[in-house]
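Scroll down for the structure; my scribbles are underneath it.
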Amino acid sequence: MSPEAVCPQPLCAVADIPVDGAKGFQLDKFNSIFAVRKDGELYLYRNRCPHARLELNWTPDRFLDRNRDYILCAAHGALFEIDSGDCISGPCPGTRLSPVAHTIVNGQLYLNEGPLNNE
Numbered sequence: 055m056s057p058e059a060v061c062p063q064p065l066c067a068v069a070d071i072p073v074d075g076a077k078g079f080q081l082d083k084f085n086s087i088f089a090v091r092k093d094g095e096l097y098l099y100r101n102r103c104p105h106a107r108l109e110l111n112w113t114p115d116r117f118l119d120r121n122r123d124y125i126l127c128a129a130h131g132a133l134f135e136i137d138s139g140d141c142i143s144g145p146c147p148g149t150r151l152s153p154v155a156h157t158i159v160n161g162q163l164y165l166n167e168g169p170l171n172n173e
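Written out as structure tokens, the structure reads:
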């Protein structure tokens, strides 16, 4: 099966995402997502804090705290687990980031779903 049949939207080569780093993607005028590469795994989330519905980063591709252990909301300092998106600190306890379904085929990262709802 071709990548296009499984994953309609190519994003980038996995190698383009820094090891223990993150990369953002603007899907359209209202929707952006980001990928985090940590401990050999890749995690994709919608770029929106569950607290105030703001984008998490103020600087391109800066989604992690200084130690690169957590996802950081630049607006309010909330911290989220990289592997689950669970909020562990800040103004949004009990909430989590919205994961984004993805597939890796031949070292290329693909978005599995169509456009995200403008929530």
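Numbering (the numbering used here), first residue to last: 55 to 173.
Idealized CB from N, CA, C, for every residue including glycine.
What does residue i pair with, by DSSP beta-bridge criteria?
i: Asp140; result: Arg150
i: Arg91; result: Gly75 and Leu96
i: Pro64; result: Tyr164
Is residue i helix, strand or coil by DSSP?
i: Ala69; result: helix
i: Leu81; result: coil
i: Glu135; result: strand
i: Thr157; result: strand
i: Pro57; result: At Pro57, the pLDDT of 45 sits below 50, so the modelled position is not reliable and the matter cannot be decided from this model.
Quick check on the burial criterion: 16 or more other C-beta atoms within 10 angstroms. Buried or exposed for residue i?
i: Asn101; result: buried
i: Ala76; result: buried
i: Ile158; result: exposed
Compute every distance between the C-beta of residue i and the non-hydrogen atoms of the ligand FAD, then say whether any falls below 7 angstroms.
i: Gly78; result: No copy of the ligand FAD appears in this structure; indeed no ligand is present at all.
Taking C-beta to C-beta, are residue i and residue j nearer than 8 angstroms?
i: Ile142; j: Val90; result: no
i: Ala132; j: His105; result: yes
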